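To start, the structure under review is shown below, and the notes come after it.
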Amino acid sequence: MTIEQVVPRQIAIDWIARHAVSTPDKLAQVDLASGRRFSYAQMNDRVGRVAAFLASQGVKQGDRVGFLALNSTDIFEMSLGTWRLGGISLALNFRLTAPELAFIINDAGPEIVFVDQEFLPVVEALRPLTQVKQWILTEGQGGDSVYERALAGVEPMLTKTLEQPLTDQCLLMYSSGTTGLPKGVIITHEMMLFSAIGLMPSTHLTRASVNLAAMPLFHIGGYNIFSAPMFYAGATTLIQRVFDPAETLRVIGDPEYGVTHFLGVPAMYNALKAHPDNARTDFSRLRSALAGAEAVPDPLVHWWYERGLTIQEGYGMTESAASNLLLLKEDVPAMVGSAGKSALHTEMKIMRENGTEADANELGELWMRGPAVTPGYWNRPEANEDSFVDGWFRSGDIARVDENGYFYIEDRLKDMYISGGENVYPAEVENILYGMPQIAEVAVIGVPDSHWGEVGCAVVALAPEQELTMAQVVEFVATKLAKYKQPVHLAVIDTLPRTATGKVLKFELRKTIPQELDLR
């Protein structure tokens, strides 16, 4: 199926405006913290007011408008209101420091940023560091604020006033910077459309679906794994201000909410597993429970499966609007460990270092192309040159594909280390170590070694009331891993450093752990 067959005119369609006409009373989104509920007609009115306000402030096609906020229904009003003008919505990570945010803001160049009032101290620190002209404060739960007064003071723009090609940019999200400074990823209307289309058949997403959004909406997973596709389908999204295991279990188990779709990172599923309300929660209405952002430990998937919840492991990145690979429910538990098969409109292949395609089950770099893949990075011509080859995007991830088309993500290319001339992929070692009951979290990194060049170090956060020695680690992995893959060092820390979206910051560990172990 070609894009011309799906969208003959190849223009960006205003999803909210269309549903406001066809199903005006259908519930679009619910703010769980405040209890606010918006039908598609009501949401369309507020999206239109955001667009009208921005237009009154001189925002035009191609301009960037940021949001720096905790999860709320405001975020999609702000973002889709920006789209309605032909603008670009800039997602800002509220967990970053002022200097980190200043780098992103100065790179993206927004003149207006919507911001939660609780981040006002950060705004004050940002004012002298950026050229932002207006910081529009919101209370985040519908209370009196500059944002609410701005919306009340204009007449809504109830539909798009210009035709835009699908290839126009609508969203700018910055990579989490696990290997250094973040890069702005260009996300187009085409990417949003085809990621939604690709997600629907593999997750049983329909107009009757109800999503619980617990991931941060500044992250492509929170924004586009279920939340935005729900608006494409005319379905419903429940928005949780911040992830809270007790509230998550309560909402999932409540038949009045009828939650059918949920996305979490492994740490979230571990938190739900550990909560005492877990045993009393009815998960039977969930049609799709996805896990991503990092490899999902096999024992975690099996634990949930034995209790009646099938976790679908997937693989995606900001550069592909979040969804590339997904394991179908019927493939669990038989194919646990695989990230599944490629999305409907995405081509994927495994490439050797010499630029030739790898054989089945041969490790190589994962390349992808298709309408859901980014056309490039914002203001980064050198990164674009490094990341694209003949229209294919180089993911930087090491993977393999078996004879049946199932992909296995082995590790980040930049996380791989070489010990005695042998490539070691930390994710493989980590998955084995997660079988130790003493370990709550683990990250394996390569550290300097005078004989082998590099050897493995297991950086571990312990489970409650547990202790762990290097001798125990050696004994556990002795029959499970080749000698060169076995960790040589152990570092126990309180918790692993992570990005706001749950990815372990291994480059930070590579800086600090060798010094702490005196391995420099």
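Last residue of the sequence shown: 1282 in the working numbering, with the numbers rising by one and none dropped.
Using N, Cα and C, we set each Cβ at its ideal position, and we do this for glycine too.
Keep in mind that this is a model prediction, so the values were computed, not measured.
- Of the candidates Tyr1179, Leu1000, Glu1229, Pro1226, Tyr1179 places its Cα closest to the Cα of Ile1207.
- Secondary structure at Gln896: strand, using DSSP grouped into helix, strand and coil.
- Going by DSSP, Thr999 is part of the beta strand (DSSP E) stretching over 998–1001.
- Each residue's CA atom was taken as its position, placing Val812 and Asp836 some 10 Å apart.
- The residue from Met805, Gln772, Leu1281 with its alpha-carbon nearest to that of Asp787 is Met805.
- In its chain, beyond the 5 residues on either side, Ile1014, Val1021, Thr1022, His1023, Phe1024, Leu1071 have a beta carbon closer than 8 Å to the beta carbon of Leu1048.
- Here Gly1167 is not near Val1191, since their CB atoms are 8 Å or more apart.
- Contact between Leu852 and Leu863 is absent: CB atoms are separated by about 11 Å, not below the 8 Å threshold.
- Put simply, the backbone Cα of Gly820 is about 11 Å away from that of Leu847.
- Counted as a single uninterrupted DSSP element, the beta strand (DSSP E) harbouring Asn1185 occupies residues 1184–1186.
- Restricting attention to Ala1105, Tyr1019, Met954, the CA atom closest to the CA of Ser989 is found in Met954.
- Restricted to the segment 824–898, the beta strand (DSSP E) segments that are unbroken, complete and at least 3 residues in length are 826–830, 850–853, 874–878, listed in chain order.
- Looking from the CA of Glu1092, the closest CA among Thr1080, Glu1075, Ala1084 belongs to Glu1075.
- DSSP, reduced to helix, strand and coil, places Ser1082 within a helical segment of the structure shown.
- Distance check between Met1113 and each of Pro927, Trp1140, Ile1160 places Ile1160 closest, using alpha-carbon atoms only.
- Our two residues, Glu1009 and Pro1059, have alpha carbons roughly 24 Å apart in a direct line.
- Assignment of Pro1199 by DSSP, reduced to helix, strand and coil, places it in the coil class.
- Distance from the Cα of Phe856 is smallest, within the candidate group Phe865, Phe881, Ile850, for Phe881.
- Bounds of the alpha helix (DSSP H) holding Val1063 are 1060–1068.
- The C-beta distance from Ala1105 to Gly915 rounds to 42 Å, too long to fall under 8 Å, and the pair is not in contact.
- Residues Gly983, Ile987, Leu1025, Val1027, Glu1075, Gly1076, Tyr1077, Gly1078, Ala1084 of the same chain have their beta carbon placed closer than 8 Å to that of Gly1054, with the five preceding and five following residues left out of the count.
- The segment 771–780 makes no contact with the segment 876–890, as fewer than three CB pairs between them are under 8 Å.
- Contact between the segment 1182–1201 and the segment 1241–1252 is established, with three or more Cβ pairs separated by less than 8 Å.
- Taking the CA atoms as reference points, Val827 sits about 20 Å from Glu925.
- Cβ-Cβ distances below 7 Å link Arg799 to Leu789, Val792 in the same chain, with the five nearest sequence neighbours on each side left out; the list follows chain order.
- Excluding five sequence positions before and after Leu928, the CB atoms of its chain that fall closer than 6 Å to its own CB belong to Gln772, Ala774, His951, Glu952, given in chain order.
- For Gly1197, the number of other beta carbons within 10 angstroms of its own is below 16, and it is reported as exposed.
- Looking at Met992, Asp1256, Val783, Ser1212, the one whose alpha-carbon comes closest to that of Glu1229 is Asp1256.
- Short of 8 Å from the beta carbon of Glu1278, and not among the five residues preceding or following it, lie these beta carbons of its own chain, in chain order: Ala1253.
- Taking all protein chains shown into account, Gln823 has fewer than 16 neighbouring C-beta atoms within 10 Å of its C-beta and is therefore exposed.
- Glu1075 is bridged by DSSP to Ala1053.
- Within 10 angstroms of the beta-carbon of Asp1148 lie fewer than 16 other beta-carbons, which makes it exposed.
- When DSSP states are grouped into helix, strand and coil, Trp1214 belongs to the coil group.
- DSSP, reduced to helix, strand and coil, places Glu1109 within a strand of the structure shown.
- Taking each of Leu1267, Asp1280, Leu1281 in turn and checking the Cα distance to Leu943, the smallest one comes out for Leu1267.
- Excluding five sequence positions before and after Thr999, the CB atoms of its chain that fall closer than 6 Å to its own CB belong to Gln791, Asn973, Ala975, Ser989, Met992, given in chain order.
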